[in-house]
Amino acid sequence: MAKRGGFPGGMPGNMNNLMKQAQKMQRQMEEATKELEEKEVSASAGGGAVEVTVSGKKEVVKVKLAEEVVDPDDIEMLEDLIVAATNEALRKMEEISQQSMSKITGGMGMGGGFPF
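Position 103 of the sequence shown, counted from 1, bears residue number 102 in numbering that gives the first Met the number 0, the numbering being contiguous throughout.
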């Protein structure tokens, strides 16, 4: 008669493999995060009149303005260009981050049906 209760067959071994794979994925994600933090991405607005560079930590590290865009009578336009360039640079960095993480997770995305 078959033994009842406990784990069937090789389940404990499969659980160990699953844990090892999860730990490996966690290490890979930590390494990828460190690499991303060292990257910088730039974006421009106004035909290159304003350029903003952000880091992988999603912090603005540089703002470059063309001389002709600095018009004391139209500060609002300059502010809008800075906002547009900053948002585009942040969007680019987020895209790079998502691509990097999806390589590790196989595109399953964290939170896609997982309880964590």
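Built from N, CA and C at the ideal position, the CB exists for glycine as well.
To the nearest angstrom, how far is it from the Cα of residue i to the Cα of residue j?
| i | j | result |
| --- | --- | --- |
| A44 | K38 | 21 Å |
| F115 | A42 | Confidence in F115 is poor, its pLDDT being 43 and thus under 50, which makes the residue's placement too unreliable to answer from. |
| A83 | M14 | 48 Å |
| K57 | L89 | 6 Å |
| R18 | E78 | The sequence shown places Met at residue 18, rather than the Arg named in the question. Whole-angstrom Cα-Cα distance: 50 Å. |
| F113 | K23 | For F113, the predicted structure reports a pLDDT of 44, less than 50, and the residue's modelled location is therefore unreliable. A value from the coordinates is still provided. Roughly 18 Å between the two C-alpha positions. |
Round the Cβ separation of residue i and residue j to the nearest angstrom and send it over; I've been treating them as touching at under 8 Å.
| i | j | result |
| --- | --- | --- |
| A21 | S99 | The Cβ separation is near 18 Å, so there is no contact. |
Check residue i in the structure and name its three-state DSSP category.
| i | result |
| --- | --- |
| V60 | strand |
| A44 | strand |
| V69 | coil |
Closest to residue i by C-alpha separation, out of the options, would be which residue?
| i | options | result |
| --- | --- | --- |
| T104 | G55, M28 and N16 | M28 |
| K63 | P71, D73 and I81 | I81 |
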